[in-house]
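Heads up: the sequence lines are chains A and B, in that order. Read in order, the letters of the first sequence are residues 19 to 130 in the numbering used here. Read in order, the letters of the second sequence are residues 31 to 141 in the numbering used here. The beta-carbon is built from N, C-alpha and C at its ideal position, and this holds for glycine as well. In this text the structure is predicted, and so the values were computed from the model without any measurement.
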Amino acid sequence: DTEVTQTPKHLVMGMTNKKSLKCEQHMGHRAMYWYKQKAKKPPELMFVYSYEKLSINESVPSRFSPECPNSSLLNLHLHALQPEDSALYLCASSQEGTGEQFFGPGTRLTVL
Amino acid sequence: ELKVEQNPLFLSMQEGKNYTIYCNYSTTSDRLYWYRQDPGKSLESLFVLLSNGAVKQEGRLMASLDTKARLSTLHITAAVHDLSATYFCAPARYNNNDMRFGAGTRLTVKP
């Protein structure tokens, strides 16, 4: 298996909802990432997990809460989001050595 | 802090022409990656450059890395319409397992 999968593909939520984004990889990668990408902008790093431990948090608001239940899974829990949080959320994993990151297809999130 | 400057930001080319995209970065980095993104899609890895002087080629694209100059280039040879996409460079933070993206170059290849 050489891909990163993400669910759901699309998500519409209200500002009072709680939802979760899921990411999975079975390539044996030990680093996993969450990025946020607004339209016509580059991806912005949010979180990095290395060996299932949070190693980087790029000062992301607490309404975004990451979780890494095991080496293959990465979740992003969402609560009390704002309309400006609407974006494409990308998950990636990377192999040791080269550090090359492989991206999932993304979840397109709309906050109403 | 690692800052990345990519230029040009927009590039409109005729088919069959050559052009180069430049990626400058501000602090020491030992690895650099190039990605392609089609509209509405995710990112596809194109090249992994791991050392000074590294050069990689795939089809009509060739990437190089000069760590001393903190510069990477992506050269397009004899462009075809299928190359139309946004191209991002992303140097890795030194001794870290994360990277920072440039603003991207939106390439349009016209017949």
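Extent of the continuous beta strand (DSSP E) to which residue i belongs
i                : result
Asn125 (chain B) : Element bounds for Asn125 (chain B): n/a, residue is neither H nor E.
Tyr51 (chain A)  : Ala49 to Gln55
Ala115 (chain B) : Ala115 to Pro121
Asn88 (chain A)  : Phe82 to Asn88
Ser72 (chain B)  : Segment: none, Ser72 (chain B) is in no beta strand (DSSP E) and carries neither H nor E.
Contact check, residue i vs residue j, beta carbons under 7 Å
i                : j                : result
Thr125 (chain A) : Ser104 (chain A) : no
Val22 (chain A)  : Cys86 (chain A)  : no
Ser102 (chain B) : Cys53 (chain B)  : yes
Thr135 (chain B) : Ile51 (chain B)  : yes
Gln67 (chain B)  : Lys140 (chain B) : no
Pro61 (chain A)  : Phe40 (chain B)  : no
Arg61 (chain B)  : Gly117 (chain A) : yes
Phe82 (chain A)  : Ser72 (chain B)  : no
His47 (chain A)  : Ser111 (chain A) : yes
Outcome for residue i when other beta-carbon atoms lying within 10 angstroms are tallied against a minimum of 16
i                : result
Thr129 (chain B) : Per the sequence presented here, residue 129 (chain B) reads as Met, with Thr not at that position. Looking at its Cβ environment, which holds 16 or more other Cβ atoms inside 10 Å, Met129 (chain B) is buried.
Leu69 (chain B)  : The amino acid occupying residue 69 (chain B) in the given sequence is Pro; Leu does not appear at that position. Exposed: under 16 other Cβ atoms inside 10 Å.
Ser81 (chain B)  : exposed
Lys36 (chain A)  : exposed
Val85 (chain B)  : exposed
Met131 (chain A) : This structure cannot settle anything about residue 131 (chain A), because the visible part of chain A is limited to 19 through 130.
Pro79 (chain A)  : exposed
Met50 (chain A)  : buried
Gln36 (chain B)  : buried
Gln43 (chain A)  : buried
Pro121 (chain B) : buried
Leu106 (chain A) : buried
Lys58 (chain A)  : exposed
Tyr53 (chain A)  : buried
Leu130 (chain A) : exposed
Assigned secondary structure, residue i (DSSP; H/G/I helix, E/B strand, else coil)
i                : result
Leu80 (chain B)  : coil
Pro8 (chain A)   : Because chain A in this structure spans residues 19 to 130, residue 8 (chain A) falls outside the shown range and cannot be described.
Asp112 (chain B) : helix
Leu104 (chain B) : strand
Asp96 (chain B)  : strand
Lys36 (chain A)  : strand
Glu76 (chain A)  : coil
Ser59 (chain B)  : coil
Thr50 (chain B)  : strand
Thr136 (chain A) : Here chain A comprises residues numbered 19 to 130, so residue 136 (chain A) is not present and cannot be evaluated.
Arg66 (chain B)  : strand
His44 (chain A)  : coil
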